[in-house]
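Line order of the protein sequences matches chains A and B. Note that this note's numbering numbers the first sequence so that position 418 is 606, with each residue one more than the last. Note that this note's numbering numbers the second sequence so that position 68 is 256, with each residue one more than the last. For every residue, glycine included, the Cβ atom is placed at its ideal position computed from N, Cα and C. Quick caveat, the model's predicted, so the values are computed rather than measured. One structure is given here, and the rest of the page talks about it.
Protein chains: 2
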Amino acid sequence: MKIQTPPGMRDFYPDDMRLQNWLFTHWRQVSLTHGFEEYEAPIFEFLDLYRLKSGDEIVSEVFSFEDRGGRNFAIRPEMTPSLARMVAARANALPRPIKWFSLPRMCRAERPQRGRLREFFQWNADVLGPEDALADAEVIAVVVAFLRAVGLGPDDVAVRVNHRRVAAAALQTLGVPADGVVAAFGLIDKIERMPADKFAAAWNDLPFASACGVDAVRGFLGEATLERCLDLAAQSGEDGAAQAEQFTQLWRQLEAFGVAGMCTFDLRIVRGLAYYTGSVFEAHPKQGGLRALCGGGRYDDLTGLLDGPRVPGVGFGMGDVPVLEFLRELDRLPSPERTLDAFVIDADADLFARALELVGHLRAAGLRVDFSYKRTGVGKQFKQATQRGARHAIVLGDELKDRNEVVIKDLVSGTQRTIDWDAFCADPKLD
Amino acid sequence: MKIQTPPGMRDFYPDDMRLQNWLFTHWRQVSLTHGFEEYEAPIFEFLDLYRLKSGDEIVSEVFSFEDRGGRNFAIRPEMTPSLARMVAARANALPRPIKWFSLPRMCRAERPQRGRLREFFQWNADVLGPEDALADAEVIAVVVAFLRAVGLGPDDVAVRVNHRRVAAAALQTLGVPADGVVAAFGLIDKIERMPADKFAAAWNDLPFASACGVDAVRGFLGEATLERCLDLAAQSGEDGAAQAEQFTQLWRQLEAFGVAGMCTFDLRIVRGLAYYTGSVFEAHPKQGGLRALCGGGRYDDLTGLLDGPRVPGVGFGMGDVPVLEFLRELDRLPSPERTLDAFVIDADADLFARALELVGHLRAAGLRVDFSYKRTGVGKQFKQATQRGARHAIVLGDELKDRNEVVIKDLVSGTQRTIDWDAFCADPKLD
């Protein structure tokens with residue numbers, strides 16, 4: 189019976205896995221340099237956890253099941269609910285600021301089709317505790333540091349940053365009523381993916397369209413500078429002024445961290461999710477219709493949903509698929525090769541037991557070492573060494589029989605040297 | 189609404205995660221030094237994949253669900269079926285030997301109770317392709333290398349090795365008929381967990397108990413040496429002789445690799461699973477009733493189940509839970525601490541923007557760096573540096589204002605030095 193990979197899922201053969209690990213290593217490395225600590229959570233949670241955050245419509249978007257005890261679970265479609273649950277459970281014990289990251293795999297019940305995966309990995313990094321814009325600046329700095337680490341610069345990607353409450357205050361000066369801001373954001377969030385006439389029609393359907401026409405909004409979104417929006421927000425009242433001040437701080441700190449050059453202010457970035465309460469940001473390829481590489485922002489009451497004390501936070505999620513797709517598009521995807529430190533070759537089948545002994549010594553010393561399973565000629569073994577990406581070949585032959593020496597050949601430079609067996613086993617250094 | 193961690197699942201807070209990563213790093217490192225390459229597979233597979241390998245009874249042991257297309261899936265309860273599927277799909281294209289490892293998370297629908305987890309991680313390493321006992325020796329060498337790497341020696345653990353076909357031939361000389369061997373193995377597999385009288389009763393229920401009594405079997409299992417079993421197998425016919433020769437080779441190669449000192453021959457290790465066809469092994473704590481740390485063996489037709497060409501293999505699985513439990517029992521579990529390379533301290537709030545600038549430089553250079561979110565006194569910031577496990581504190585104070593210098597204090601030795609700001613930013617070395 190032939191059984192396929194489930195639709196929308198990926199197998200990672202070693203070639204694919206080296207690439208995944210290349211990505212994971214960068215994600216982890218950037219997180220750690222920025223003082224974040226890794227956490228993990230179960231692959232499935234109570235279905236209610238997702239319902240609580242996203243409402244009943246989430247149920248059709250996740251893979252859910254019932255256990256024999258009648259409990260309902262869902263494979264996680266995102267990490268934030270698990271994060272909120274974990275933080276709420278220990279809110280008072282965890283040292284602040286809580287700077288956590290994770291590289292979870294997760295699943296969504298997409299209809300299987302090209303480009304829509306049911307399983308993916310998503311880097312998450314969050315700072316919980318501080319209300320300070322410093323936390324927002326840090327998570328954006330983490331995104332920029334990753335982009336730079338994989339070779340992406342300001343010509344390739346922009347981290348587009350906005351602030352929902354500053355933007356809300358600015359929109360209100362245009363005539364959008366306070367209770368219409370969420371609806372306006374919902375539409376603005378789609379403006380880049382919607383044909384102009386569809387957007388106009390949808391906007392004109394809004395109850396406040398007569399107070400604030402579609403042309404006014406379009407013009408404003410395209411032209412309003414950061415300074416203008418900060419001014420408008422500052423003038424809108426005490427809270428608006430505080431938000432404007434916070435957003436000003438954020439830009440100042442992005443400058444201080446040396447990452448502002450990759451960031452642009454963009455009023456169109458409002459994020460669809462209602463729980464964002466302050467800064468919002470997305471990293472977008474400069475060219476092409478590719479989707480956002482990551483998105484995030486400030487949320488101020490996620491733990492409250494779980495009866496925990498209020499713990500404000502800011503964070504983002506970045507999927508493996510858009511990042512790898514974008515780098516492939518730019519032809520900048522690395523192709524990490526198979527590598528070994530050494531390949532041990534026996535020039536004489538009599539010496540094979542000695543070869544295995546040496547292999548054991550070298551591996552115990554932490555070197556990546558392999559050898560041929562088949563007793564074949566030296567030439568074939570050298571060929572295998574090259575195929576396996578070995579840096580050195582170590583040959584056991586007449587030198588070993590005659591003088592107790594092994595030959596170490598550097599397969600890149602082509603140079604070779606001999607060394608006494610006992611000295612080498614006692615302290616196996618290849619260079 | 190309060191929502192708990194699902195029963196039988198674990199949250200990994202940063203303290204727990206550091207320990208998991210300590211284990212994962214050893215698993216990965218040992219695999220790579222032995223020339224194994226990492227792979228991964230989907231978190232869920234078609235339910236039929238598990239049915240095919242384990243029969244219908246598997247269905248009650250897994251978490252399964254149906255998608256909207258009416259397909260049935262199960263969260264993976266083990267990795268071997270995915271491995272077999274992946275290898276069968278590319279059997280002719282993959283370079284041999286196929287030496288693969290993975291660190292998958294997996295789930296089993298256990299009834300939630302203490303010590304029975306529904307989710308765990310299991311290191312898998314397999315060599316596919318060669319029938320040579322060398323492959324068996326390599327996977328056992330990998331197990332031993334891991335045990336040694338985490339500080340376990342021959343006084344703590346034994347890797348108990350047997351060979352199903354050698355053992356079968358030996359049992360047949362005692363009077364067990366050829367078609368009774370599987371039933372005999374099924375019972376022998378439980379001998380250490382069963383009270384003596386229960387074992388005797390169960391053995392006496394076997395149809396061939398009159399030909400081979402329980403005392404004969406018990407005596408044989410306890411006393412038969414490797415040499416005796418090899419002799420018995422060699423005398424049992426051509427196939428038995430070939431198996432005896434292969435098992436002899438295996439021991440010779442374990443010697444050559446330098447791992448035989450951790451291995452013992454043990455006739456009682458037969459493994460419950462029917463698909464093992466040659467060597468079988470388990471790593472057991474020497475003391476206490478703790479369960480096996482890992483188990484594995486040779487299987488010769490796993491890919492055949494999937495209509496693939498026959499690809500013989502040998503491998504093992506090792507769960508994270510028994511290993512961590514055992515190390516905890518021995519009081520040898522490490523407690524990896526929070527660490528940072530440096531903590532940047534501003535002695536004057538005016539210098540905070542400079543502090544962030546330095547933090548940005550150091551992080552970009554690959555150092556793990558953090559700082560205080562709150563502008564507090566130098567003493568408090570030093571305390572935070574220590575709490576965060578920082579190796580160095582870098583202080584920005586009067587030295588920076590007066591002479592453009594920063595102070596670097598080694599928090600372990602207590603020594604400190606000053607260095608020019610520009611020189612340090614250009615080449616941030618802490619030691």
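Under the assumption that residue i contacts residue j (Cβ atoms under 8 Å), give the Cβ distance between them as a whole number of angstroms.
{"i": "E225(A)", "j": "R348(B)", "result": "That belief does not hold up - the Cβ atoms of E225(A) and R348(B) are roughly 39 Å apart, past 8 Å."}
{"i": "E326(A)", "j": "V315(A)", "result": "6 Å"}
{"i": "A297(B)", "j": "R256(A)", "result": "7 Å"}
{"i": "L240(B)", "j": "M197(A)", "result": "With 8 Å as the limit, L240(B) and M197(A) do not qualify as a contact, their Cβ atoms being about 18 Å apart."}
{"i": "F232(A)", "j": "S252(B)", "result": "Going by Cβ atoms, the distance from F232(A) to S252(B) rounds to 12 Å, so no, they are not a contact pair."}
{"i": "L628(B)", "j": "A578(B)", "result": "In the structure displayed, chain B extends from 189 to 619; residue 628(B) sits before or after that span and is not available."}
{"i": "A321(B)", "j": "Q441(B)", "result": "6 Å"}
{"i": "F334(B)", "j": "H472(B)", "result": "Going by Cβ atoms, the distance from F334(B) to H472(B) rounds to 15 Å, so no, they are not a contact pair."}
{"i": "T465(B)", "j": "R352(B)", "result": "7 Å"}
Kindly identify the DSSP beta-bridge partner or partners of residue i.
{"i": "G505(B)", "result": "N312(B) and G483(B)"}
{"i": "K287(B)", "result": "V315(B)"}
{"i": "I533(B)", "result": "V583(B)"}
{"i": "A356(B)", "result": "Paired residues: none, contrary to the question."}
{"i": "T452(A)", "result": "R348(A)"}
{"i": "L528(B)", "result": "A578(B)"}
{"i": "A262(A)", "result": "E233(A) and S252(A)"}
{"i": "I596(A)", "result": "I582(A) and R605(A)"}
{"i": "E225(B)", "result": "W288(B)"}
{"i": "R293(B)", "result": "F309(B)"}
With a Cβ-Cβ cutoff of 8 Å, do residue i and residue j count as a contact?
{"i": "F289(A)", "j": "D508(A)", "result": "no"}
{"i": "V594(A)", "j": "I582(A)", "result": "yes"}
{"i": "P318(B)", "j": "C295(B)", "result": "no"}
{"i": "F570(A)", "j": "V532(A)", "result": "no"}
{"i": "I376(B)", "j": "R456(B)", "result": "yes"}
{"i": "P285(A)", "j": "A323(A)", "result": "yes"}
{"i": "L490(A)", "j": "P510(A)", "result": "no"}
{"i": "L512(A)", "j": "A276(A)", "result": "no"}
{"i": "I263(A)", "j": "F234(B)", "result": "no"}
So, helix, strand or coil for residue i, using DSSP?
{"i": "S601(B)", "result": "coil"}
{"i": "P269(A)", "result": "helix"}
{"i": "D608(B)", "result": "strand"}
{"i": "D558(A)", "result": "strand"}
{"i": "N392(B)", "result": "helix"}
{"i": "F433(B)", "result": "Looking at the sequence shown, residue 433(B) is not Phe but Glu. Reduced to three states, the DSSP call for E433(B) is helix."}
{"i": "V247(B)", "result": "helix"}
{"i": "V332(A)", "result": "helix"}
{"i": "Q475(A)", "result": "coil"}
{"i": "G466(B)", "result": "strand"}
{"i": "F200(B)", "result": "strand"}
{"i": "R516(B)", "result": "helix"}
{"i": "R381(A)", "result": "coil"}
{"i": "C400(A)", "result": "coil"}
{"i": "M205(A)", "result": "helix"}
{"i": "Q301(A)", "result": "strand"}
Out of curiosity, what's the CA-to-CA distance linking residue i and residue j?
{"i": "L618(B)", "j": "N592(B)", "result": "17 Å"}
{"i": "T268(A)", "j": "L394(B)", "result": "56 Å"}
{"i": "Q423(A)", "j": "F373(A)", "result": "21 Å"}
{"i": "A448(A)", "j": "S467(A)", "result": "15 Å"}
{"i": "K287(B)", "j": "D586(B)", "result": "59 Å"}
{"i": "R516(A)", "j": "N209(A)", "result": "16 Å"}
{"i": "L544(B)", "j": "L237(A)", "result": "37 Å"}
{"i": "D203(B)", "j": "P195(A)", "result": "36 Å"}
{"i": "G243(A)", "j": "E249(A)", "result": "11 Å"}
{"i": "T221(A)", "j": "L438(A)", "result": "20 Å"}
{"i": "F445(B)", "j": "G548(A)", "result": "5 Å"}
{"i": "L539(A)", "j": "L584(A)", "result": "7 Å"}
{"i": "A355(A)", "j": "A412(A)", "result": "10 Å"}
{"i": "S601(A)", "j": "R304(B)", "result": "54 Å"}
{"i": "Y227(B)", "j": "D403(B)", "result": "47 Å"}
{"i": "N350(B)", "j": "D615(B)", "result": "57 Å"}
{"i": "G401(B)", "j": "W391(B)", "result": "8 Å"}
Measuring only between beta-carbons, confirm whether residue i sits less than 8 Å from chain D.
{"i": "S252(A)", "result": "Absent here is chain D; the protein component of the structure consists of chains A and B."}
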